[in-house]
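The next block holds one structure in the form of structure tokens; read it before the comments.
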Amino acid sequence: MVNGFLRKRSRSAPTVFLTGVTGFLGGAFLSDLLQSSFDGDVVCLVRADDDDTAEERVRRSLSRFTTARFATSYKLPTNVKVLRGDLLSQDWHDSPQLDGVTHVLHLAASTSFGTGRGIRTTNVGGALSVAQAMRGRKLERFVYTGTAAICGASPKPVVHEDDYPDEQASHLVAYTRSKAEAERQLAEQFADLPLVIARPSIVVGHTELGCKPSGSIFWVLRAVEALRFITWDLENRIDVVPVDWAASALRHLLFAPRLKHQRYHVSAGKSGSVRWKELAAEYARLRGGTSEDRYEIGGMRQLTAKRVMEAAGDG
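Using the numbering used here, read the sequence shown as starting at 19 and increasing by one per residue.
See the structure below:
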């Protein structure tokens, strides 16, 4: 064993092509994969100016979920290969490093809730670029990672994965709209690929490391607590999953010998989700309070007016 991860590669071992490894979920997935019984190779597509920088980006991402052995003075495990390239470019499509790829996990995406054109370009164009690079190869599975939020602003009470993407769905942000479009175009243009869709819900924290690897999304929950003002009912549920659980679920979807369906929501579901009331009560306990009743419920217009008045000294 080298660096705590390496195992002797068997002749039939898989080769995984991974995008998005420098992201929160991507780093968690690579860590989970290397600590499993996986004995193959992983080829990570990384954008960088040179090979050393590309490798350092992977090492830094992985180190968030492991020990200090992946500091600058250490090498990556020998079964982790780094392919330098831009997601939207075709320069890497014919790289010899992709020879023998059997499984693909496409995680790279722009998760911004902004409105820039780059969101669609990255999320739709990037997915199609990866699919094009993999066409004609002897793949066993191609897992595209979308989002459960493609169901739109007002989904049905009971969500059936195969009902989406729905062109009639109302999207609040360009991010979810672009992920829905990417799913549609992959299904239409690359029906020859062994495509599986994985849609995580809200990925927050780590079951053992908390928010140390990344505070992404958690800051939103903290902002709600700081404002003590919400635009929804405290009985509403929020579907949150920890990153290591999501990574493990993706590994299962990537390697399971047989899957019953093509589309899966990687989510907590009704039994695992929590009510905002429960979150509010826990925040109250942590700050030494006794009740969640300090939350105000109203519309966004009321929230804006309230904060303006407070800033002016009238609240």
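Glycine included, each C-beta is placed from N, C-alpha and C at the ideal position.
Model, not experiment: these values are computed from the prediction.
Measure the beta-carbon distance from residue i to residue j and round it to whole angstroms, keeping in mind my assumption that it falls under 8 Å.
i	j	result
residue 225	residue 180	About 30 Å; that fails the 8 Å criterion.
residue 163	residue 124	6 Å
residue 94	residue 160	Actually they do not touch by this definition, with Cβ atoms about 24 Å apart.
residue 259	residue 284	7 Å
residue 37	residue 63	5 Å
residue 98	residue 148	Residue 98 to residue 148, Cβ: 19 Å. No contact.
residue 198	residue 168	4 Å
For the beta strand (DSSP E) that residue i lies in, which residues bound it at each end?
i	result
residue 59	59-64
residue 162	159-163
residue 215	213-218
residue 99	98-102
residue 191	Careful: residue 191 lies outside any beta strand (DSSP E) and carries neither H nor E.
residue 105	Here residue 105 belongs to no beta strand (DSSP E), and DSSP marks it neither H nor E.
residue 123	121-124
Buried or exposed: where does residue i fall if 16 or more other Cβ atoms within 10 Å of its Cβ makes it buried?
i	result
residue 270	exposed
residue 165	buried
residue 254	exposed
residue 174	exposed
residue 135	exposed
residue 51	buried
residue 70	exposed
residue 117	exposed
residue 35	buried
residue 274	exposed
residue 131	exposed
residue 30	exposed
residue 304	exposed
Where do the ends of the alpha helix (DSSP H) carrying residue i lie?
i	result
residue 42	42-52
residue 34	That residue, residue 34, is in no alpha helix (DSSP H); its beta strand (DSSP E) goes 33-37.
residue 79	69-81
Are at least three pairs of beta-carbons, each pair with one atom in the region 72-81 and one in the region 287-305, less than 8 Å apart?
no
Can you list the alpha helix (DSSP H) stretches of 4 or more residues lying completely in the region 225-297, in chain order?
236-245, 261-273 and 287-290
Touching by the beta-carbon criterion (3+ pairs, under 8 Å), the region 96-103 and the region 131-144
no
Enumerated in chain order, which unbroken segments of the beta strand (DSSP E) with a length of 3 residues or greater are wholly contained in the region 130-183?
159-163
Can you find at least 3 beta carbon pairs, one from the region 34-49 and one from the region 216-231, that sit closer than 8 Å?
yes
The region 142-154 touching the region 203-217, judged by at least three CB pairs closer than 8 Å:
yes
Pairs of beta-carbons, one from the region 236-248 and one from the region 189-197, closer than 8 Å: are there three or more?
no
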